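Visitor: Each step along the sequence shown adds one to the number in the numbering used here, with nothing skipped, and position 133 is 267.
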Amino acid sequence: MLRATSKAFRLHIGFFGRRNVGKSSLLNAVTRQHVSIVSDVAGTTTDPVEKPMELLPIGPVLFVDTAGVDDVGALGAQRIEKTRLAVARSDIGVLVTEAGVWGEFEERLLAELRSHGIPVLVALNKADLRRDIAQQVARFAHEKLPWLEVSATTGEGMDAFRERLWELAPTEVAESPVVIRDLVGPDETAVLVMPIDKEAPKGRIKQLQAQAIRDLLDGEASCVVVKDGGLLRVLKNMKSPPKLVVTDAQVFDKVARATPDTVPLTAFSILMSRLKGDLVAQTKAALITDSLRPGDKVLIAESCTHHPIEEDIGRVKIPRWLRQRVGGDLEFTHVKGRDFPRDLSPYKLVIHCGACMWNRQEMVSRIRECQRQGVPITNYGLVIAHALGILERALEPFPEALAAYHEANNEQQKQLFAKAQTIHDAAGPMLVN
Ligand SMILES: Nc1nc2c(ncn2[C@@H]2O[C@H](COP(=O)(O)OP(=O)(O)OP(=O)(O)O)[C@@H](O)[C@H]2O)c(=O)[nH]1
Ligand code: SF4
Ligand SMILES: [Mg+2]
Numbered sequence: 135m136l137r138a139t140s141k142a143f144r145l146h147i148g149f150f151g152r153r154n155v156g157k158s159s160l161l162n163a164v165t166r167q168h169v170s171i172v173s174d175v176a177g178t179t180t181d182p183v184e185k186p187m188e189l190l191p192i193g194p195v196l197f198v199d200t201a202g203v204d205d206v207g208a209l210g211a212q213r214i215e216k217t218r219l220a221v222a223r224s225d226i227g228v229l230v231t232e233a234g235v236w237g238e239f240e241e242r243l244l245a246e247l248r249s250h251g252i253p254v255l256v257a258l259n260k261a262d263l264r265r266d267i268a269q270q271v272a273r274f275a276h277e278k279l280p281w282l283e284v285s286a287t288t289g290e291g292m293d294a295f296r297e298r299l300w301e302l303a304p305t306e307v308a309e310s311p312v313v314i315r316d317l318v319g320p321d322e323t324a325v326l327v328m329p330i331d332k333e334a335p336k337g338r339i340k341q342l343q344a345q346a347i348r349d350l351l352d353g354e355a356s357c358v359v360v361k362d363g364g365l366l367r368v369l370k371n372m373k374s375p376p377k378l379v380v381t382d383a384q385v386f387d388k389v390a391r392a393t394p395d396t397v398p399l400t401a402f403s404i405l406m407s408r409l410k411g412d413l414v415a416q417t418k419a420a421l422i423t424d425s426l427r428p429g430d431k432v433l434i435a436e437s438c439t440h441h442p443i444e445e446d447i448g449r450v451k452i453p454r455w456l457r458q459r460v461g462g463d464l465e466f467t468h469v470k471g472r473d474f475p476r477d478l479s480p481y482k483l484v485i486h487c488g489a490c491m492w493n494r495q496e497m498v499s500r501i502r503e504c505q506r507q508g509v510p511i512t513n514y515g516l517v518i519a520h521a522l523g524i525l526e527r528a529l530e531p532f533p534e535a536l537a538a539y540h541e542a543n544n545e546q547q548k549q550l551f552a553k554a555q556t557i558h559d560a561a562g563p564m565l566v567n
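Printed below as a string of C-alpha cells:
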C-alpha cells in the first residue's frame with residue numbers, strides 16, 4: 135500500500151531499444167537483481183517490467199524495462215503501443231543498443247523521446263565483445279548525444295552509467311528531493327513525534343523535521359506534530375489511523391510501544407539515511423554491530439561540532455550499548471566535521487550522525503569512501519533501532535532496505551550456525567572419549 139503512492143514521486147527511467155540488445159540485462163545489472171527475464175530469443179520482454187529502487191545519488195527511481203519494438207504483426211502493434219506509453223512517462227530515456235546497431239529504428243526512437251523533451255542516454259551494451267564503435271561514436275558526437283559503453287554481462291561501465299543518469303536527472307530532482315511524500319499520499323496523514331527537551335534547538339525545530347513537514351504539504355498530505363508524551367492522545371483522537379508515524383530515534387522505544395502494530399512506524403534518522411545516504415548499505419552495516427568482538431575499533435563520526443544530543447548518543451549511549459552487547463571493551467574513536475581519517479582500515483565499523491548539516495553529495499561521497507576501503511558505515515538512528523529490536527519494523531516502509539535487512543540477518547544466522555557447528559564438531563570426539 136505504501137508503495138502504491140510512491141510511484142508518482144520516483145524518477146522514471148525507461149530502457150528502450152530493439153530486441154535482444156540487452157535492455158533487460160542492463161536493468162538487472164544496474165539493480166543488481168534478477169528483475170527482468172533475459173534470453174537470446176528476440177522478443178523476450180513483452181509487457182513493461184517496473185522496478186522501484188533507491189539509486190545513489192539520485193534517490194527513489196522507477197526503472198521501466200520495455201519490449202523491443204522493432205517487430206511487426208498484431209502482437210507487435212500492442213507492444214509498440216505499451217512501449218510508446220512508457221516513453222511518454224519517462225523522465226530519462228536510456229536508448230540501449232550495441233556496436234554496429236544503429237539505424238532508422240533508433241533514429242525514430244530518439245526523435246520520439248526528444249519530442250517529449252526527455253533527456254536521452256545511449257547505452258552501447260555488450261562492450262565485452264570489443265567490437266568497433268567508431269562510426270556510431272562519430273554520429274553521437276555530431277548530435278551531442280550523451281553515450282557510454284557498458285557491459286551488462288561483466289558490469290563494465292555500470293558505475294559511470296549511474297553517474298550519467300544522475301547528470302541527466304532534471305534539476306528539480308536534485309533541488310527538491312523526496313523526504314517523505316512518497317510514503318504518505320494526498321489526503322493522508324502522518325504523525326510526526328518530536329521530543330522537545332532542554333537540548334532541543336531554541337525556538338525552532340530540526341532541519342529535517344521542517345523539511346518533512348514541507349514535503350508532506352507539497353504532496354497534498356497532512357501531518358500532526360506532537361511531543362512523545364502526547365502521542366497516545368493524538369492516536370486515540372484520530373478518526374482513522376495515520377498512514378505513518380515518524381519519530382525522533384531518541385524516543386523510539388516509547389513511540390513503538392504507543393503505536394499499534396498495524397500502523398507503519400519509522401524514524402527521522404531513517405528518512406535521513408535515505409535522503410542523504412544509502413539506506414540499504416547503512417542498514418546492512420547496522421547489523422555488523424552483532425558481530426563485533428572485544429578489542430575491535432569503531433569510528434564514530436559527526437558532521438558538525440555543536441549538537442549536545444548527538445554528542446550524548448555518540449559518546450555515551452552507543453558505546454555503552456555496544457560494550458554491553460559485545461561483552462567486553464571496544465576501542466572508540468570520535469571525529470567531527472571534516473576531520474575524517476584517510477585510512478579506515480583499522481576500523482570494523484563507522485557509525486555516523488544523520489549529517490543533517492551536509493548536502494547529500496558530501497555524505498554520499500563519505501559513504502563511497504568507506505565502501506571503497508571496505509569498511510561498513512551506518513548511522514545513529516539505525517544502530518539505536520537495532521539495539522532496541524525495532525529495526526525490522528522501522529524499515530517496513532522501505533521494501534528494499536527491509537529485504538537487505540532480512541538477507542543480512544539470514545547470512546549472520548547462517549554464520550553463527552556454522553560456527554556453533556564447528557565448535558560442536560570439534561567437541562564431538564572429546565565427548566565420545
Ligand atoms: N556478451 C554480452 N551479451 C549480452 C550482454 N547483455 C545482454 N547480453 C545477451 O543478449 C541477449 C539478449 O539480452 P536481453 O537482456 O534479453 O535483451 P532485451 O533487449 O531485453 O531483449 P527483448 O526483451 O527481447 O527485447 C541475451 O542472450 C543476453 O545474455 C552483454 O553485455 N554482453
Ligand atoms: S550534522 Fe550530525 S551532529 Fe550535527 S546536528 Fe546534524 S545530525 Fe547532529
Ligand atoms: Mg527484454
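The C-beta atom is built at its ideal place from N, Cα and C for all residues, glycine as well.
Everything numeric in this text was worked out from a predicted model, so none of it was measured.
Mind checking who K431 pairs with in its DSSP beta bridge?
Guide: Numbered from its first residue, the sequence shown carries residue 431 at position 297. Paired residue(s): E465.
Visitor: Over the uninterrupted alpha helix (DSSP H) stretch that includes H276, give me the two end residues.
Guide: Here residue 276 corresponds to residue number 142 of the sequence shown, with the count starting at 1. Start and end: 268–277.
Visitor: Determine the closest residue to D316 out of G193, G234, S499, with distance taken between C-alpha atoms.
Guide: Here residue 316 is taken as the residue at index 182 of the sequence shown, counted from 1. When only C-alpha atoms are compared, the closest one is G193.
Visitor: Is it a yes or a no for the stretch 235–243 touching the stretch 276–287, going by three-plus beta-carbon pairs under 8 Å?
Guide: No, the stretch 235–243 does not touch the stretch 276–287.
Visitor: From the DSSP output, which residues share a beta bridge with S356?
Guide: For this step, residue 356 is matched to residue 222 along the sequence shown. Answer is T323.
Visitor: Could you tell me how far apart the beta carbons of P320 and E354 are, in whole angstroms, since I believe they sit closer than 8 Å?
Guide: Within the sequence shown, numbered from 1, the residue matching residue 320 stands at position 186. Within the sequence shown, numbered from 1, the residue matching residue 354 stands at position 220. That belief holds up - the Cβ atoms of P320 and E354 are roughly 4 Å apart, short of 8 Å.
Visitor: Buried or exposed, going by whether 16 or more other CB atoms sit within 10 Å of the CB of E436?
Guide: In the sequence shown, the residue the question calls residue 436 occupies position 302. Counting Cβ neighbours within 10 Å, E436 comes out buried, since at least 16 surround it.
Visitor: What distance in whole Å lies between the Cβ atoms of L426 and L483, which are believed to be in contact at a cut-off of 8 Å?
Guide: Residue mapping note: residue 483 aligns to position 349 of the sequence shown, counting from 1. Residue mapping note: residue 426 aligns to position 292 of the sequence shown, counting from 1. Rounded, the Cβ-Cβ distance is 7 Å, consistent with contact.
Visitor: Tell me where the beta strand (DSSP E) around K388 begins and ends.
Guide: As a position in the sequence shown, residue 388 is number 254, starting the count at 1. Where K388 is concerned, there is no enclosing beta strand (DSSP E), although the alpha helix (DSSP H) it sits in stretches over 386–392.
Visitor: Could you check what DSSP says for G148 in three-state terms: helix, strand or coil?
Guide: Taking the first residue of the sequence shown as position 1, residue 148 is located at position 14. If DSSP states are grouped into helix, strand and coil, G148 belongs with the strands.
Visitor: Give me, in chain order, the residues of the same chain whose beta-carbon lies closer than 7 Å to that of E496; leave out the 5 immediate sequence neighbours on both sides.
Guide: Residue numbering aside, residue 496 sits at position 362 when the sequence shown is read from its first letter. Counting only Cβ-Cβ distances below 7 Å, and skipping sequence neighbours, we find nothing.
Visitor: Is the CB-CB distance between D199 and H146 below 7 Å?
Guide: By 1-based counting over the sequence shown, the position of residue 199 is 65. By 1-based counting over the sequence shown, the position of residue 146 is 12. Cβ distance not < 7 Å, so D199 and H146 don't count as in contact.
Visitor: Does the beta-carbon distance from A420 to L550 come in below 7 Å?
Guide: Along the sequence shown, read from residue 1 onward, the residue named residue 420 stands at position 286. Along the sequence shown, read from residue 1 onward, the residue named residue 550 stands at position 416. It is not a contact, given that the beta carbons lie outside the stated cut-off.
Visitor: At what residue ranges does the stretch 211–269 contain a whole run of the alpha helix (DSSP H), taking only runs of 4 or more?
Guide: List check, alpha helix (DSSP H) in window: 238–249.
Visitor: Is any heavy atom in ligand 3 found nearer than 6 Å to the beta carbon of T179?
Guide: Taking the sequence shown and counting its residues from 1, one reaches residue 179 at position 45. Checking every heavy atom of ligand 3 against the Cβ of T179, one is found closer than 6 Å.
Visitor: What would DSSP say about V195, mapped onto helix, strand or coil?
Guide: In the sequence shown, residue 195 corresponds to position 61, counting from 1. Strand.
Visitor: Any chance the CB of C487 is under 6 Å from a heavy atom of ligand 4?
Guide: Ligands displayed in this structure: ligand 1, ligand 2 and ligand 3; ligand 4 is not among them.
Visitor: CB N513 to CB Q416, shorter than 7 Å?
Guide: Here the question's residue 513 lines up with position 379 in the sequence shown. Here the question's residue 416 lines up with position 282 in the sequence shown. Yes.
Visitor: Round the Cβ separation of G227 and L247 to the nearest angstrom and send it over; I've been treating them as touching at under 8 Å.
Guide: One-based indexing of the sequence shown puts residue 227 at position 93. One-based indexing of the sequence shown puts residue 247 at position 113. G227 to L247, Cβ: 4 Å. Contact.
Visitor: Looking at the structure shown, is K361 part of a helix, part of a strand, or coil, going by DSSP?
Guide: Locating residue 361 in the sequence shown gives position 227, counting from the first residue. If DSSP states are grouped into helix, strand and coil, K361 belongs with coil.
Visitor: According to DSSP, is A401 part of a helix, a strand, or is it coil?
Guide: Along the sequence shown, one-based indexing puts residue 401 at 267. Strand.
Visitor: Starting from I452, trace the alpha helix (DSSP H) in both directions and tell me its first and last residue.
Guide: Residue 452 sits at position 318 when you count from the first residue of the sequence shown. Start and end: 452–460.
Visitor: Enumerate in chain order the residues of its own chain whose CB-to-CB distance from K548 is below 7 Å, with the five nearest sequence positions on each side excluded.
Guide: On the sequence shown, residue 548 is found 414 positions in, with the first residue counted as 1. For K548, where only same-chain residues beyond five positions count, there are no Cβ hits under 7 Å.
Visitor: So, does the stretch 402–411 touch the stretch 337–347, judging by three or more C-beta pairs under 8 Å?
Guide: Taking 8 Å as the limit for Cβ pairs, the verdict is that the stretch 337–347 does touch the stretch 402–411.
Visitor: Determine, using beta carbons only, whether D262 comes closer than 7 Å to chain D.
Guide: Chain labels in this structure do not include chain D; a single protein chain is all it has.
Visitor: In the DSSP output, what is W281 paired with across the bridge?
Guide: As a position in the sequence shown, residue 281 is number 147, starting the count at 1. In the DSSP output, where bridge partners are listed per residue, W281 has V256.
Visitor: Does the count of Cβ pairs from the stretch 445–465 and the stretch 490–508 closer than 8 Å reach three?
Guide: The answer is no - the stretch 490–508 does not touch the stretch 445–465, with fewer than three Cβ pairs under 8 Å.
Visitor: Where does the unbroken alpha helix (DSSP H) through N85 begin, and where does it stop?
Guide: Nothing about residue 85 can be read from this structure; the chain reaches only from 135 to 567.
Visitor: Tell me where the beta strand (DSSP E) around E290 begins and ends.
Guide: As a working note, residue 290 is residue 156 in the sequence shown. E290 -> no beta strand (DSSP E), and no H or E assigned at all.
Visitor: Rounded to whole angstroms, what's the CA-CA distance from P311 to A346? Just pull it up for me.
Guide: For the purposes of this step, residue 311 is taken as residue 177 along the sequence shown, with counting starting at 1. For the purposes of this step, residue 346 is taken as residue 212 along the sequence shown, with counting starting at 1. So the alpha carbons of these two residues sit roughly 11 Å apart.
Visitor: Less than 8 Å between the CB atoms is what I'm expecting for D387 and L522, so what's the real figure, rounded?
Guide: As a working mapping, residue 387 is identified with position 253 in the sequence shown. As a working mapping, residue 522 is identified with position 388 in the sequence shown. Confirmed, Cβ separation roughly 5 Å.
Visitor: According to the neighbour-count rule (16 or more other Cβ atoms, all chains shown, within 10 Å of its Cβ), is D303 buried or exposed?
Guide: Taking the sequence shown and counting its residues from 1, one reaches residue 303 at position 169. Strictly speaking, residue 303 in this sequence is Ala, with Asp absent from that position. Buried, since its Cβ has 16 or more Cβ neighbours within 10 Å.
Visitor: Round the Cβ separation of A176 and N162 to the nearest angstrom and send it over; I've been treating them as touching at under 8 Å.
Guide: Taking the first residue of the sequence shown as position 1, residue 176 is located at position 42. Taking the first residue of the sequence shown as position 1, residue 162 is located at position 28. So it is not a contact: roughly 18 Å between Cβ atoms.
Visitor: So what's M406 in DSSP terms, helix, strand or just coil?
Guide: Counting from one through the sequence shown, the residue named residue 406 turns up at place 272. Three-state result, M406: helix.
Visitor: Per DSSP, what are the beta-bridge partners of P186 in this structure?
Guide: On the sequence shown, residue 186 is found 52 positions in, with the first residue counted as 1. Its beta-bridge partners are L196.
Visitor: Do you know offhand how far P453's Cα is from C357's?
Guide: Against the sequence shown, residue 453 aligns to sequence position 319. Against the sequence shown, residue 357 aligns to sequence position 223. C-alpha separation (whole angstroms): 35 Å.
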